[in-house]
Amino acid sequence: MTPVTIDGCFGWLHEPRGQVGRVGVLICPGLMLDAIRSHCSLRLLGDQLAEAGYWALRFDYPGTGDSGQEGDVEPEGGHWQAWQRSIDRAADWLVATTGVTELVMCGLLAGATLAALAATRRSDVAGLIQFAPIVRGHSYVRQCQVQAELQAGGPLAIAEQGLSIREFHFSPATLDEMSKVDLRKIRPRPDQMIGVYPRGPSKMLNECVQLWRQAGANVVTGEFAGLEPMLRDNILIDENSLADFSEVLAWLSRTIPPGTTHQVTTPALPPAEVRLAGCAETPLRFGHGGRLFGILCRPDCDSEMAAIITNPGRDPHYGPCRQSVTLARELARLGIASLRMDFAGLGDSLGPSGEENAMSHVYEVDRHPDIQDALDALERLGFHRFALQGLCSGAYHSLHGALADSRISALMMVNLPLFSLTDDVIDYLRWRNYSLRRYVHKFFVVGGWKLPWSGKVDVSSILRGWVVRAQVRASAMVRNFGSKVGFAGESAPAHHIMATLSARGVRMLFLFSPGQPEIDAFSQEFGRSGEKLAAYPGAEMHVVPGMDHSMAVASGRLLAHAYMLEFMAAGSARPSSAPANGALRTGDVAPA
Amino acid sequence: MLSSVRATILDQIKLVAEHQRKLLMPLNDRLPLLDSGLDSLCIAIIVANLEDELGLDPFGTCNNVSIPKTLGEFIALYENGAA
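One line per chain: the protein sequences are A and B, in this order.
So in the working numbering the end of the first sequence lands on 597, straight run, no missing numbers.
So in the working numbering the end of the second sequence lands on 87, straight run, no missing numbers.
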């Protein structure tokens, strides 16, 4: 597969073996969480389509993934129109670049809706693949609205102000336009082949299928069971499988065969690049055989420092709510380059040989080799100073990456859940979001719909997480006692790690969400306010008001980014070997 | 009609909980929604799906609707809308 850019949108072209084939498949991803959860499975779909003889193009709409533009600022005409235009341009590009004569539009959820609309606009679309399509735009808008209102704790003035949810802002006009979409009202061409894969029983979708059949389209419905991994929460630790597209591929090859005798001449593709104000982003493949992938964001000015932004959990390199993209572009404005990378077996990086089609584990895989490969690649590009940034498991891997490689001079860790990994801690992490204390506080003290429904609430998980956390706390108490009586002086992993990094001059920024259980592991070692960090020059800790665990809420995310930018700006002004004095502040004061 | 509204709501709750991998508590009218195992995304999907299935959206059509605390109150809102 080859990274490409199409009018500022980033994408991947999956070439069939021998570069022959008359059919191109355009893969339209879902939005927000749906895009993140399905990223690896759609990569697999692209690969498998190519193996079956199809050209496949997957790409990010404007303001999504690695594409240009920002989601929280609507382009002229609004997001919905921009996304439809981008699909048409991507389809035109696929035809012009590969010489295919027929297209198949394939989409997931809102992407399926956009794909279906494109199929009716174009005369070259022979087929349509619909994964759990959203039949009525109104339903999707309503879902977004209800979720935003539950998280906000009350009604929002959406008709006047539009809707802000996750990385997007939708104007009232855009919401109105999206609400008017109804797939039952579109008429596919009589000769179009359509495969529909409903996720569950749906009266609306049944009506839609009937109406499309009446219009003359050849519509079949298939099972969604094998496709479930596309919509699975990436954090589920024990489930590594990606979606099974065999039924879809079998249907497609029967109905619209790829025509492998159709020889086309593929022009040399120009290097992919997204140009932005003040910086440029290019794909970077590195590591053994180029199996690892990241997006290099370089400021227009000369830069000797690069930050490596790691995967949050098992999410792809752009991160929840595109937070890694935003951070990269903000760093570039400070003159700092960055590489937002995928660890092996996540996002667009391949896992070990034989495990390419599975997601790798969130914690139990040693990520030092991947980080070292990234550092090597950046050094070859001329960078001399390096920082690591991570959220949750990304923070954990960053911490240990810095410990293993002396080239790292700065660390930014958000919601670091632990310093070292034991079996108990793995169990603890599985349920880390579910703090009984947090739940009780929200339920009995805060009350209402606001906060309890703004997070994940699962009673048995809460209880289990509480018990395991108590075990973690107890083991820390025993260790602290041992330390005081002289039996366990230097053995505490957290203090050993901090002492090592601090002595090496590594600057460290710890950011935590207020009330999040992650801070428990930190506070057991360094105090609730991080007062014991003073022993380690160069380390500072802040609690960021309004920041949730995955930085999905915009206000907390913006504040966290402000802390990180201030930290990096301060570090870039002095040599990496000169640590800051043991700065220690709790985070109720926003950086300038 | 009302029994079919109830059945549709319960089916949707079970379906969405399964899709979102939530551990659902035994459903009864006294079950507080906050204890049900559903989060805000689940509820948002359920409300949107119920509008598709039943043609009813009591939260969207009436600004003065009181927020249901229990599953029974949630179902009653829809049953009142269907009546």
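For every residue, glycine included, the Cβ atom is placed at its ideal position computed from N, Cα and C.
Query	Result
What is the DSSP secondary structure of Glu75(A), counted as helix, strand or coil?	coil
Grab me the residues of Val9(B)'s own chain with a C-beta within less than 7 Å of its C-beta, minus the 5 sequence neighbours each way, in chain order.	Leu58, Tyr82, Glu83, Ala86
Given that Asp238(A) touches chain B, what residues does it touch there, using C-beta distances under 7 Å?	Arg25
Starting from Ser169(A), follow its DSSP beta bridges and name the residues at the other end.	His174(A)
Please classify Asp320(A): is it buried, with 16 or more other beta-carbons within 10 angstroms of its beta-carbon, or exposed?	buried
Note down, in chain order, all residues in the region 324 to 343 of chain A with a beta-carbon under 8 Å from any beta-carbon belonging to chain B.	none
In terms of alpha-carbon separation, which member of Ile314(A), Glu369(A), Glu233(A) lies closest to Ala400(A)?	Ile314(A)
Using the Cβ count rule (16 or more neighbours within 10 Å means buried), how would you classify Asn53(B)?	buried
Taking Cβ positions, are Thr179(A) and Gly83(A) nearer each other than 8 Å?	yes
Pull the bridge partners of Tyr202(A) from the DSSP assignment, please.	Phe136(A)
Does Pro580(A) have its Cβ less than 8 Å from a Cβ in chain B?	Reliability of the predicted coordinates at Pro580(A) is poor, the pLDDT of 42 falling under 50, and the value obtained from them is presented with this limitation in mind. Chain B contact via Cβ: absent.
What separation, rounded to the nearest whole angstrom, lies between the Cα atoms of Leu28(B) and Ser176(A)?	35 Å
So, for Ser518(A): in the same chain, excluding its five sequence neighbours on each side, which residues have a beta-carbon less than 8 Å away from its beta-carbon?	Asn420, Ile524, Val548, Val549, Met552, Asp553, His554, Gly561
Using a Cβ-Cβ distance under 8 Å, would Val186(A) count as near chain B?	no
Gly167(A) to Leu355(A), Cα distance in whole Å?	40 Å
Look up Val464(A) in the DSSP assignment and say whether it is helix, strand or coil.	Because Val464(A) sits at a pLDDT of 35, beneath the cut-off of 50, its placement in the model cannot be relied upon, and the following sentence gives the value as read from the coordinates. In the structure shown, Val464(A) sits in a helix (DSSP, three-state: H, G or I).
Give the range of the beta strand (DSSP E) segment to which Met310(A) is assigned.	310 to 314
Taking a contact to mean a Cβ-Cβ separation below 8 Å, would you say Leu608(A) touches Phe572(A) in this structure?	Absent from the model: residue 608(A). The displayed extent of chain A is 6 to 597, so no value can be given.
Contact criterion: CB-CB distance below 8 Å. Does Val151(A) meet it with respect to chain B?	yes
Report buried or exposed for Arg327(A), applying the criterion of at least 16 other Cβ atoms within 10 angstroms of its Cβ.	buried
Hey, how far is the Cα of Gln150(A) from the Cα of Val224(A)?	32 Å
Grab the span of the beta strand (DSSP E) containing Ser258(A) for me, first residue to last.	That residue, Ser258(A), is in no beta strand (DSSP E); its alpha helix (DSSP H) goes 251 to 260.
Measuring straight from C-alpha to C-alpha, what distance separates Cys306(A) and Thr12(B)?	60 Å
Would you say Ala11(B) lies against chain A (beta-carbon separation less than 8 Å)?	no
List the residues of chain B that Gln156(A) touches, going by C-beta distances under 8 Å, in chain order.	Ser44
Would you check if the distance between the CB atom of Ile139(A) and the CB atom of Leu114(A) is smaller than 8 Å?	yes
Would you verify that the beta carbon of Gly85(B) is, or is not, closer than 8 Å to some beta carbon of chain A?	no
Could you tell me the boundaries of the beta strand (DSSP E) in which Pro304(A) lies?	297 to 304
Identify, in the order they occur along the chain, each residue of the same chain with its Cβ nearer than 6 Å to the Cβ of Met37(A), setting aside the five sequence neighbours on each side.	Arg171
Check whether chain A comes within 8 Å of Gly76(B), counting only Cβ atoms and requiring the distance to be less than that.	no
Helix, strand or coil for Asp410(A), going by three-state DSSP, please let me know.	coil
Check whether the Cβ of Leu14(B) lies closer than 8 Å to any Cβ atom in chain A.	no
Using the beta-carbon count (16 or more within 10 Å), is Ser7(B) buried or exposed?	exposed
Closest Cβ-Cβ distance between Asp56(B) and chain A: below 8 Å?	yes
Look at the alpha carbon of Met310(A) and the alpha carbon of His389(A), and state the distance between them as a whole number of angstroms.	6 Å
Taking contact to mean at least 3 C-beta pairs separated by less than 8 Å, is the region 40 to 47 of chain A in contact with the region 74 to 81 of chain A?	no
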